[in-house]
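Asker: By full-length UniProt numbering, the letter at position 128 of the sequence shown is numbered 128, and the numbering carries on one by one without gaps. Structure provided below as C-alpha cells; questions to follow.
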Amino acid sequence: MSSPLVTAQWLQENLDNPRLVLIDASMAKVIGKEPIVYDQPVWIPGSYQIDLEGRLCDTQSPQTHAFPTEKQVTEEAHRLGITAESLVVVYDNQGIYSAPRAWWVFRAMGVKHVFVLDGGLPQWLAEGREGVSAPVANAATSGSFVANLDHNRVQGSAYVLDHLEDDQVTVIDARSRERFLGQVPEPRPGVRGGHIPHSCNLPFAEVLEGYRFKPASELKAIFTQLAPTLQSGNGQQMVFSCGSGITACIILLAAELAGYDHLSLYDGSWSEWGRDVSLPVA
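Below, the structure written as C-alpha cells:
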C-alpha cells in the first residue's frame with residue numbers, strides 16, 4: 001500500500017488478517033478541538049490500547065510528551081506482537097487527533113508497514129460498523145521487532161535554532177492562529193505566547209474535513225499557498241511543531257499525503273521553545 005492511510009472498509013476486510021496489529025492510540029486529554037465524548041468506552045474489534053503519555057513517552061525527559069526511547073518502543077512492540085511483516089494500523093477516538101503521533105513514533109523507529117485509519121473510531125461507527133467494550137490486553141505471541149530511531153525524523157530545539165533563516169528548512173506550527181500570534185494565553189503554565197521566528201501557521205483542523213483528512217489535491221493546495229517555495233523531491237526540509245508534539249503529526253501526515261518528503265517533527269514544540277527564555281520568540 002502506497003498511502004499512509006487505510007479506510008474503514010479496508011480495515012473491515014482485513015480484521016482477520018494474521019499480519020494485522022490494530023492499535024487504539026487515543027489520549028485522555030484533547031487540546032485544540034472540541035472533544036468527542038462517548039457514553040461508554042468503545043473499541044474496534046481486535047484493538048490493542050497504547051499509552052502515548054506513559055509507556056510511549058520518555059518520562060525521564062523534561063519535555064512534555066517527549067518522544068519515547070528505542071527500548072520503550074521495542075518493549076511495546078513485543079507486547080503487541082509486532083514483527084517486521086506486521087501491518088500496523090493506528091486510530092483514535094477523535095477521528096484524527098493522536099493516531100498520527102503514534103504513526104510517526106512507529107515510523108521513525110523503523111516499523112515498515114504502519115498506517116492511520118482515516119476517520120478513526122468515529123468514522124468506523126458512522127459507517128455502522130461494530131464496536132466492542134474492551135481492548136485486547138496483550139498479543140498471544142511476543143513480537144520480534146527491535147526499534148531503531150531514524151534521527152532525521154525527530155529534531156530538537158538546537159536544530160530548529162540553527163536553521164531559523166535557512167531557506168531550505170520550513171517550520172510549520174499546528175497550533176491555532178490565536179496561540180501562534182500570542183493573542184491568547186498558552187494552556188501550559190510558564191510558557192510564553194507567540195511563535196518560532198520565520199515559522200508558518202497551519203492549524204491542524206484546516207487539513208481535516210469531518211473526521212477525515214481532506215483529499216490530497218486540497219492538501220497540496222493548502223501547503224502551496226502556505227509556503228509557495230516548497231517543492232517535493234528537492235531536499236527541502238519541513239519541520240512540524242505544535243504545543244507538545246502531538247497535533248504537529250497531523251499536519252506532518254497531511255504533508256506526506258500532499259506528496260512532500262524530508263519531513264520531521266520538532267518534538268519539544270512550543271511547550272519547550274516557549275518555556276526556554278534563551279530562545280527567540282516572534
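Glycine included, each C-beta is placed from N, C-alpha and C at the ideal position. Treat the numbers as computed from the prediction; the structure is a model and nothing was measured.
If contacts are defined as beta-carbon pairs under 8 angstroms, then Ala147 and Glu53 qualify, I think. What distance do you get, rounded to the angstrom?
Answerer: In fact, because the Cβ distance is near 18 angstroms, the residues do not count as touching under 8 angstroms.
Asker: Just how far apart, CA to CA, sit Gly81 and Glu165?
Answerer: So the alpha carbons of these two residues sit roughly 44 angstroms apart.
Asker: Using CA coordinates, which residue listed in Ala258, Gly274, Gly32, Gly131 is at the minimum distance from Gly46?
Answerer: Looking at the Cα atoms, Gly131 is the closest of the given residues.
Asker: Under the DSSP definition of a beta bridge, which residues are partnered with Thr170?
Answerer: In DSSP, Thr170 forms a bridge with Met238.
Asker: Flag this pair as yes or no: are the beta carbons of Pro185 and Gly193 separated by less than 8 angstroms?
Answerer: A contact, by the Cβ cut-off of 8 angstroms.
Asker: Per DSSP, what are the beta-bridge partners of Val37 in this structure?
Answerer: Val37 pairs with nothing; no bridge assigned.
Asker: Ser264 and Gln155: beta carbons closer than 8 angstroms?
Answerer: Cβ atoms of Ser264 and Gln155: closer than 8 angstroms.
Asker: Taking three-plus beta-carbon pairs below 8 angstroms as touching, is the region 160-178 in contact with the region 196-205?
Answerer: Touching, yes, given that three or more Cβ pairs across the two stretches are closer than 8 angstroms.
Asker: Give a yes or no on whether the C-beta atoms belonging to Val90 and Ala99 are separated by under 8 angstroms.
Answerer: The answer is yes: Cβ separation under 8 angstroms.
Asker: Any heavy atom of the ligand ZN closer than 7 angstroms to the CB of Asp261?
Answerer: In the structure shown, the ligand ZN is absent, as is every other ligand, since no ligand is present at all.
Asker: So what does DSSP say about Asp24, is it helix, strand or coil?
Answerer: Of the three classes helix, strand and coil, the one that applies to Asp24 here is strand, per DSSP.
Asker: Who are the near neighbours of Cys57 in its chain, counting only those whose CB is closer than 7 angstroms to its CB and skipping five residues on each side?
Answerer: These residues qualify, in order along the chain: His65, Ala66, Pro68.
Asker: Leaving out the 5 sequence neighbours to the left and right, which residues in its chain are closer than 6 angstroms to His113 when beta-carbon positions are compared?
Answerer: Leu87, listed in sequence order.
Asker: Output the distance between the C-alpha atoms of His78 and Glu256, rounded to the nearest integer angstrom.
Answerer: Rounded to whole angstroms, His78 to Glu256 spans 28 angstroms at the Cα level.
Asker: Do Arg153 and Ala108 have their C-beta atoms closer together than 8 angstroms?
Answerer: Going by C-beta atoms, Arg153 is nearer than 8 angstroms to Ala108.
Asker: Per the DSSP calculation, Phe213 is bridged to which residue(s)?
Answerer: In DSSP, Phe213 forms a bridge with Leu208.
Asker: Could you check how far apart the C-beta atoms of Leu230 and Phe240 are, in whole angstroms? I think they sit under 8 angstroms.
Answerer: The Cβ separation is near 13 angstroms, so there is no contact.
Asker: In terms of residue numbering, what span does the alpha helix (DSSP H) encompassing Tyr159 cover?
Answerer: Start and end: 157-162.
Asker: When the Cα of Ser217 is compared with those of Met238, Gln225, Gly210, which residue comes out closest?
Answerer: It is Gln225 whose Cα lies nearest to the Cα of Ser217.
Asker: Along the alpha helix (DSSP H) that carries Val73, what are the first and last residues, could you check?
Answerer: Per DSSP, Val73 belongs to the alpha helix (DSSP H) from 70-80.
Asker: List, from N- to C-terminal side, the alpha helix (DSSP H) runs of 4 residues or more that fit wholly inside the region 99-140.
Answerer: Here the runs fully enclosed are 99-108, 120-126.
Asker: Once DSSP output is grouped into helix, strand and coil, what is the label at Ser271?
Answerer: The answer is helix: DSSP assigns Ser271 an H, G or I state.
Asker: Less than 8 angstroms separating the beta-carbons of Ile96 and Tyr211?
Answerer: Against a cut-off of 8 angstroms, the Cβ pair of Tyr211 and Ile96 comes out as a contact.
Asker: Who are the Cβ neighbours of Val160 in its own chain at under 7 angstroms, not counting the five residues just before and after it?
Answerer: Answer for Val160: Val171, Ile196, Val239, Tyr266, listed in chain order.
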